[in-house]
Amino acid sequence: MRSKFDQQLSQLNKELIQMGAKCEEVIAMAAKALATGDCELAKNVAPVDKEIDQMERSIEGLCLKLLLQQQPVARDLRQISAALKMITDMERIGDQAEDIAEIVTFLGGRTGAECGPILAMAEASIEMVTQSVDAFVNRDVALAKKAIEHDDVVDDYFVKVKSSLISLIAEKPEDGEYALDLLMIAKYIERIGDHATNIAEWVVFSVTGTHKGEIL
Amino acid sequence: MTKKIFHSMFFVASVAMLLGILLIMGVLFAYFRTVQKNRLVSELRLTAAAVEMGGEAYLESFQVDDCRLTWVGADGIVLFDSQGETADMENHADREEVKEALETGKGESSRYSTTLMEETLYCAKRLSDGTVLRISVSYASVPALLFGLLQPLLVVFVIALLCSILLSKRLSRKIVQPLNAIDLDQPLENEAYDELSPLLTHIGRQQREISAQKQELEDRQDEFYTVIENMNEGLVLLNAKGIILSINPAALAFFHADTAVGRDLIEIERSPEIEKAFESAAQHGKSSLQVSRSGREYQVNLNRIGPQNDMSGMVLLIFDITEKVFAERNRQEFTANVSHELKTPLHSIMGSAELLENGLVKEEDIPRFIGYIRNESARLVALIEDIIRLSQLDEASAPEMEPVELYELAAGEVESLTQPAKAKNVSISMEGESVTISGVRQLLHEVIYNLCDNAIKYNVDGGWVKVRVSKTADGAALVVADSGIGIPAEHQDRIFERFYRVDKSHSKESGGTGLGLSIVKHAVQYMGGTISLDSTPGVGTTVTVSFHKKESRP
Numbered sequence: 017m018r019s020k021f022d023q024q025l026s027q028l029n030k031e032l033i034q035m036g037a038k039c040e041e042v043i044a045m046a047a048k049a050l051a052t053g054d055c056e057l058a059k060n061v062a063p064v065d066k067e068i069d070q071m072e073r074s075i076e077g078l079c080l081k082l083l084l085q086q087q088p089v090a091r092d093l094r095q096i097s098a099a100l101k102m103i104t105d106m107e108r109i110g111d112q113a114e115d116i117a118e119i120v121t122f123l124g125g126r127t128g129a130e131c132g133p134i135l136a137m138a139e140a141s142i143e144m145v146t147q148s149v150d151a152f153v154n155r156d157v158a159l160a161k162k163a164i165e166h167d168d169v170v171d172d173y174f175v176k177v178k179s180s181l182i183s184l185i186a187e188k189p190e191d192g193e194y195a196l197d198l199l200m201i202a203k204y205i206e207r208i209g210d211h212a213t214n215i216a217e218w219v220v221f222s223v224t225g226t227h228k229g230e231i232l
Numbered sequence: 032m033t034k035k036i037f038h039s040m041f042f043v044a045s046v047a048m049l050l051g052i053l054l055i056m057g058v059l060f061a062y063f064r065t066v067q068k069n070r071l072v073s074e075l076r077l078t079a080a081a082v083e084m085g086g087e088a089y090l091e092s093f094q095v096d097d098c099r100l101t102w103v104g105a106d107g108i109v110l111f112d113s114q115g116e117t118a119d120m121e122n123h124a125d126r127e128e129v130k131e132a133l134e135t136g137k138g139e140s141s142r143y144s145t146t147l148m149e150e151t152l153y154c155a156k157r158l159s160d161g162t163v164l165r166i167s168v169s170y171a172s173v174p175a176l177l178f179g180l181l182q183p184l185l186v187v188f189v190i191a192l193l194c195s196i197l198l199s200k201r202l203s204r205k206i207v208q209p210l211n212a213i214d215l216d217q218p219l220e221n222e223a224y225d226e227l228s229p230l231l232t233h234i235g236r237q238q239r240e241i242s243a244q245k246q247e248l249e250d251r252q253d254e255f256y257t258v259i260e261n262m263n264e265g266l267v268l269l270n271a272k273g274i275i276l277s278i279n280p281a282a283l284a285f286f287h288a289d290t291a292v293g294r295d296l297i298e299i300e301r302s303p304e305i306e307k308a309f310e311s312a313a314q315h316g317k318s319s320l321q322v323s324r325s326g327r328e329y330q331v332n333l334n335r336i337g338p339q340n341d342m343s344g345m346v347l348l349i350f351d352i353t354e355k356v357f358a359e360r361n362r363q364e365f366t367a368n369v370s371h372e373l374k375t376p377l378h379s380i381m382g383s384a385e386l387l388e389n390g391l392v393k394e395e396d397i398p399r400f401i402g403y404i405r406n407e408s409a410r411l412v413a414l415i416e417d418i419i420r421l422s423q424l425d426e427a428s429a430p431e432m433e434p435v436e437l438y439e440l441a442a443g444e445v446e447s448l449t450q451p452a453k454a455k456n457v458s459i460s461m462e463g464e465s466v467t468i469s470g471v472r473q474l475l476h477e478v479i480y481n482l483c484d485n486a487i488k489y490n491v492d493g494g495w496v497k498v499r500v501s502k503t504a505d506g507a508a509l510v511v512a513d514s515g516i517g518i519p520a521e522h523q524d525r526i527f528e529r530f531y532r533v534d535k536s537h538s539k540e541s542g543g544t545g546l547g548l549s550i551v552k553h554a555v556q557y558m559g560g561t562i563s564l565d566s567t568p569g570v571g572t573t574v575t576v577s578f579h580k581k582e583s584r585p
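So the protein sequences, as listed, match chains A and B. So for the first sequence, this note's numbering puts the first residue at 17; every next one is plus one. So for the second sequence, this note's numbering puts the first residue at 32; every next one is plus one.
Written out as structure tokens, the structure is:
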């Protein structure tokens, strides 16, 4: 019985890592599509997002099965409940990446110097996701906290991107729509950063039992 | 142990007891029966004598508790009985002992009553008047005796049981104690029962064998670990589920992991390519992919262990193929460069020749065009010569080393370059001391010529070139310093590559093939020297070639 439980737990662990890896991949794809204006690549993002949705359902099922059949306690329970919360955030990351890719197709392959800070921002958010997943893999609270702190970098980038887009609109009012699309993308990336923060917080919870400093 | 001993002990006690009872019953019962019979016979004789004398009156006074006396008439009618009324009694004539006594004078018999479990012994004697006197006594039979003995027997059984338990406990403890005290790690140093010594010897031998085998296994494992830990290639061993069984430091460095054994591969490496390669290897037996990581190129080979439907694991081998990839790229670049460099002058030659052929060139311009053709051909020849020289150096089939007077040679080169230097308004000077080194005159000429030529070519108007030859601790140094345009830091690593030019657009203007420094590098390497570069853009360049006395051909 217990050995089956352990096996299911490691299966959960493995699937979570796979899902995290997919999230990293999907953001990288969306960012690359934006950088190169590659509409074909942008269209490939949607199927990967579908895969992430599929993974979410599979992990959800596994978590519920574990909760019902094994009635875990303490650390195992924390790990499973944290997993349930994390996959929601991961699924949202996939959705945001798909939204970015959709906007890239609207832009019709247009790309320019304005995208520079957005790409840097995307890189920072990928870094955050990587750090949170690494933190989960290694049960590394310090790394999770680093990922949470890293969110400030992404937020700073967002402010920078916003002001540069305001000046772009002021200079070239005809590019207003383009600027707004870019702003949307920047906002989505900023959201990805927030989701990565959530994941990192749940990693901290699953290891220490405290979420945002509170004992749940 | 205790149980077994108890069982056998109790069994022995019970059997002994039973046998004892049977013996007593069998032997003593028969003895007592004889005694009883003899007594009966003598009593009968006495009684008979008394009856003969006293008649019935004696019989009336007969008082014996344990015997029964019966007087039977010659016709069998009971005349007297010491127990009971004679009237109620049937005719005794057909009783065995009476019959016998009537016929022979005396008789005896015994009868057994199952209801009373008693045996009755009869003795009869014919009196002189023809009547028969009978005496009988009853005594308990063997089963009845046994039945009577049941209670004491049970008590004895219980005592035997308790004794057996106690004794067996103590005995087994005593027997087992030396067995428990046996030290199996040192089987031959025990003084237990002699019967155990073959077993102990056997154990001792097996222990020696096991420890020898264990030692051998450990040695082999150590060997294996030493090998995989010291190899440059990364090696990872996975089981069928992808759990890492063994990993060497090179692979750990590749995955940027601290610990990995016992973890899932996906925990330390989650790139989709490697996962795909893993699946493909599980399907097809092997797969390989190229990964670039932290600026280096790696090839990862995956090999399945065991058949497809019963995979027992996977081996990952990680090679650093940066050099190979780099060399490949160099070769491709070199081929592209060679074709390009060869094509350019040929096109000039062909264009000029076509113009001349079609008579499109004015009479007075003809010498100029022919000059073009000649110059470009010369360039082509120079290029091809350079390439040949380079490939000769590559194959290391250059001539033998000989002692060369470096200063003299350098001075000669400087002398011959004075004229071209003057044309570019650059001063060239020579200083230093006489040094003899071991080298190849032709190659040294190439080295000095190319370095000085570059120093002049890439110099500023009114600049200077200084050549210095000096002795060093372990050989000699040739320094060519100039006040030229310098080489930007990002190009300094690459200027020794074939066809590499800092400023690609000026290649035509300054002439040269782009192979000069490459030849210098190869020549210096051939002679076992080293070359170093120190340059600041806009200030100048200093190239130092060090020759080592020890002949250390690579």
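Beta carbons: idealized from backbone N, C-alpha and C, even for Gly. Nothing here was measured: the structure is a model prediction, and the numbers come from that model.
As assigned by DSSP and simplified to three states, the class of residue i
i                      : result
residue 591 of chain B : Because chain B is modelled from 32 through 585, residue 591 of chain B falls outside the range shown and cannot be assessed.
residue 537 of chain B : Note that residue 537 of chain B scores a pLDDT of 49, beneath 50, so its modelled location is shaky and nothing firm can be said.
residue 145 of chain B : coil
residue 77 of chain A  : helix
residue 332 of chain B : strand
residue 249 of chain B : helix
residue 227 of chain A : strand
residue 425 of chain B : helix
residue 571 of chain B : strand
residue 106 of chain A : helix
residue 87 of chain A  : coil
residue 107 of chain B : coil
residue 186 of chain A : helix
residue 54 of chain A  : coil
Exposed unless 16 or more other CB atoms sit within 10 angstroms - verdict on residue i
i                      : result
residue 559 of chain B : buried
residue 488 of chain B : buried
residue 154 of chain A : buried
residue 537 of chain B : Model confidence at residue 537 of chain B stands at a pLDDT of 49, short of 50, so the residue's coordinates are unreliable and nothing is read from them.
residue 409 of chain B : exposed
residue 185 of chain B : exposed
residue 588 of chain B : Absent from the structure is residue 588 of chain B, since the part of chain B shown begins at 32 and ends at 585.
residue 116 of chain A : buried
residue 65 of chain B  : exposed
residue 14 of chain B  : One cannot answer for residue 14 of chain B here, as it falls past the ends of chain B, which runs 32 to 585.
residue 557 of chain B : buried
residue 214 of chain A : buried
Neighbour flag for residue i against chain D, beta carbons, 8 Å
i                      : result
residue 301 of chain B : Of the chains in the structure shown, none is chain D; the protein chains are A and B.
CB-CB length for residue i against residue j, believed under 8 Å
i                      : j                      : result
residue 144 of chain A : residue 212 of chain A : 4 Å
residue 89 of chain B  : residue 81 of chain B  : 5 Å
residue 294 of chain B : residue 312 of chain B : Not confirmed; about 19 Å, so no contact.
residue 270 of chain B : residue 337 of chain B : Not confirmed; about 11 Å, so no contact.
residue 162 of chain B : residue 124 of chain B : With 8 Å as the limit, residue 162 of chain B and residue 124 of chain B do not qualify as a contact, their Cβ atoms being about 12 Å apart.
residue 274 of chain B : residue 266 of chain B : Incorrect: roughly 16 Å between the Cβ atoms, too far for contact.
Contact test: residue i Cβ vs the ligand HEM heavy atom, cutoff 7 Å
i                      : result
residue 460 of chain B : Here there are no bound small molecules, and the ligand HEM is not part of this structure.
Exercise. Are the stretch 76 to 92 of chain A and the stretch 166 to 177 of chain A touching, with three or more C-beta to C-beta distances below 8 Å?
Worked result: no
Exercise. Taking a cut of 9 Å between CB atoms, which residues from the stretch 293 to 319 of chain B lie near chain A?
Worked result: 294, 295, 297, 298, 299, 301, 302, 303, 306
Exercise. What residues in the stretch 25 to 46 of chain A have a beta carbon less than 9 Å from any beta carbon of chain B?
Worked result: 26, 29, 30, 33, 34, 36, 37, 38, 40, 41
Problem set entry | Interface residues of the stretch 147 to 170 of chain A facing chain B [CB-CB below 7 Å] | 153
For this session: Check whether the stretch 106 to 121 of chain B touches the stretch 136 to 154 of chain B, counting contact only when three or more Cβ pairs, one atom from each stretch, lie closer than 8 Å.
Result: no
For this session: Decide if the stretch 153 to 162 of chain B is in contact with the stretch 124 to 141 of chain B; the criterion is three or more beta carbon pairs, one per stretch, under 8 Å apart.
Result: yes
Exercise. Does the stretch 35 to 49 of chain A touch the stretch 129 to 145 of chain A, meaning 3 or more C-beta pairs lie closer than 8 Å?
Worked result: yes
Exercise. Should the stretch 465 to 473 of chain B be called in touch with the stretch 545 to 552 of chain B, which here means at least 3 C-beta pairs below 8 Å?
Worked result: no
For this session: Pair every Cβ in the stretch 73 to 85 of chain A with every Cβ in the stretch 172 to 190 of chain A, then say whether three or more of these pairs are closer than 8 Å.
Result: no
Exercise. On the three-pair Cβ rule with 8 Å, is the stretch 196 to 209 of chain A touching the stretch 40 to 50 of chain B?
Worked result: no
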